[in-house]
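Peer 1: Chain order of the listed sequences is C, B, P, D, S and R. What the first sequence shows, in the UniProt record's numbering, is residues 1 to 78, in sequence order. What the second sequence shows, in the UniProt record's numbering, is residues 1 to 78, in sequence order. What the third sequence shows, in the UniProt record's numbering, is residues 1 to 78, in sequence order. What the fourth sequence shows, in the UniProt record's numbering, is residues 1 to 78, in sequence order. What the fifth sequence shows, in the UniProt record's numbering, is residues 1 to 78, in sequence order. What the sixth sequence shows, in the UniProt record's numbering, is residues 1 to 78, in sequence order. For every residue, glycine included, the Cβ atom is placed at its ideal position computed from N, Cα and C. Just so you know, these numbers come straight off a predicted model, no measurement behind them.
There are 6 protein chains.
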Amino acid sequence: MPAPRRRDIANVTKEIDMPILHLQMHPGRTDDQKRAFVREATKAAVETLACPPESLEILITEITRDSWAVGGKLKSDA
Amino acid sequence: MPAPRRRDIANVTKEIDMPILHLQMHPGRTDDQKRAFVREATKAAVETLACPPESLEILITEITRDSWAVGGKLKSDA
Amino acid sequence: MPAPRRRDIANVTKEIDMPILHLQMHPGRTDDQKRAFVREATKAAVETLACPPESLEILITEITRDSWAVGGKLKSDA
Amino acid sequence: MPAPRRRDIANVTKEIDMPILHLQMHPGRTDDQKRAFVREATKAAVETLACPPESLEILITEITRDSWAVGGKLKSDA
Amino acid sequence: MPAPRRRDIANVTKEIDMPILHLQMHPGRTDDQKRAFVREATKAAVETLACPPESLEILITEITRDSWAVGGKLKSDA
Amino acid sequence: MPAPRRRDIANVTKEIDMPILHLQMHPGRTDDQKRAFVREATKAAVETLACPPESLEILITEITRDSWAVGGKLKSDA
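(1) Is it buried or exposed, R:T42, if we count other Cβ atoms within 10 angstroms and call 16 or more buried?
(2) Over what stretch of residues does the alpha helix (DSSP H) that includes D:T42 continue unbroken?
(3) At a CB-CB cut-off below 7 Å, which residues of chain P make contact with D:T48?
(4) Less than 7 Å between C-beta atoms, sequence neighbours within five positions excluded: which residues of the same chain meet that for P:I63?
(5) Check for me: the beta strand (DSSP E) holding R:A78 runs from which residue to which?
(6) By the 10 Å Cβ neighbour count, where 16 or more other Cβ atoms means buried, how is R:E47 classified, buried or exposed?
(7) Per the DSSP calculation, R:H22 is bridged to which residue(s)?
(8) Whose C-alpha, out of S:A69, S:A78, S:L74, is nearest the C-alpha of P:I20?
(9) Looking at the C-beta of D:G30, does it have a partner C-beta in chain C at a distance below 8 Å?
(10) Can the beta-carbon of S:R35 be found closer than 8 Å to that of B:D31?
(11) Can you list the residues of chain D that B:E57 reaches, using a CB-CB cut of under 9 Å?
(12) For C:A44, count neighbouring Cβ atoms within 10 angstroms of its own Cβ and tell me buried if that reaches 16, exposed if not.
(13) Step through the CB atoms of chain R and report whether any lies within less than 8 Å of the CB of C:T64.
(14) Exposed or buried, what is B:G28 when buried is set at 16 or more other beta-carbons lying within 10 Å of its beta-carbon?
(15) For a quick check, are the C-beta atoms of C:L74 and C:R65 less than 8 Å apart?
(16) Could you give the distance in angstroms between the alpha-carbon of R:E54 and the alpha-carbon of D:G72?
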């Protein structure tokens, strides 16, 4: 297959919606869990929001328990 | 059923991970599409990240095509 | 008092930490509630993080109940 | 006290507002400073926004001085 | 020109870095100002970060002066 | 030059718009690339959005390829 051309990307990204999903959670999940999450969450978006799978980006940020609080207490103190 | 007590929430939220998912997309989806997305994305998270469904929050922000750019062009100009 | 000079701002902002606080909540609070929140949250940051009050920025984003979900359900459906 | 039941959390989270506060600052604060910040910022929110303490989540992200710029200069160069 | 094929986008997005730039500012800029900003900011990213222009997304969120505070005061009160 | 006074900063920050730019990208850029990016992106904002350079803050968050997905696949698997 020939290398994709840049103007192809440009054309397509102009036409379609490109949702961005940002997940914030504690560290500790394995790569396999992240792999499964992005696969299944992308399916969920494709089926419900009518966007092609290629258009969805997912970013994961991990925040440790000593930087996440509920009810005025750090999770690491709870 | 008796009203849930606050210390119940406090106790549980201390123990469990509470991932937050933030979706950014163009406006135009119906309430039914959002309803389906949060249901299916929550399932995806529960199955892959091992968190109880009650622990997951999803926030949706809609960004119009004249405030979203790809390749140096506003989507509304593309 | 003379007008502040730009190089003053530039000098100071180089030296100090400038925390940013982003609040996401449902709409419905009055301006007075927001006014009180930014005043008290700034005090909290100044007292605990050792930053001058002028250095702290607070941004508030309001997200409606039909764009916020917990447990797989939109708040507006709960 | 009996273990809290999941439907309790589900019920309560449906009814109440659950503001999220995201703090971005340079690294360098101690755990005690973070601990004090989340306690005092939660008080500030509870008193001014009329939400129960259990409903407020605070996330802290630390961004180093070589990844934060003001006036076109990285803080680490200032 | 034939319609771009989906696998083209998929291939390319796998290979390249796709930075996301999020701008938060007060409302009031014209569409022409936004148009110029996304054009020039994309050039800046392409020249300095070595990414193709098509790979950069820019999102703009407008936050009113009564939802943005500095020094404990809403901008609308200053 | 005398040390800038705090009320100077307070005065100025009340009057001017203070846009915040948040860049998310993969790690791997050198400090020089970041330095050049914040310089050029600030110029772009100053020229197009009519804000003084001192007013613009830029934050950079680096997200590894195993925490960023497109099309349902982690970049590290692509």
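Peer 2: Concretely, from the data shown:
(1) buried
(2) 31 to 49
(3) Q33, A36, F37, E40
(4) Q24, H26
(5) Segment: none, R:A78 is in no beta strand (DSSP E) and carries neither H nor E.
(6) exposed
(7) S:H22, R:L59
(8) S:A69
(9) Going by the sequence as given, residue 30 of chain D is Thr instead of Gly. So no, D:T30 is outside the interface.
(10) no
(11) T13, M18, I20, E57
(12) buried
(13) no
(14) exposed
(15) yes
(16) 8 Å
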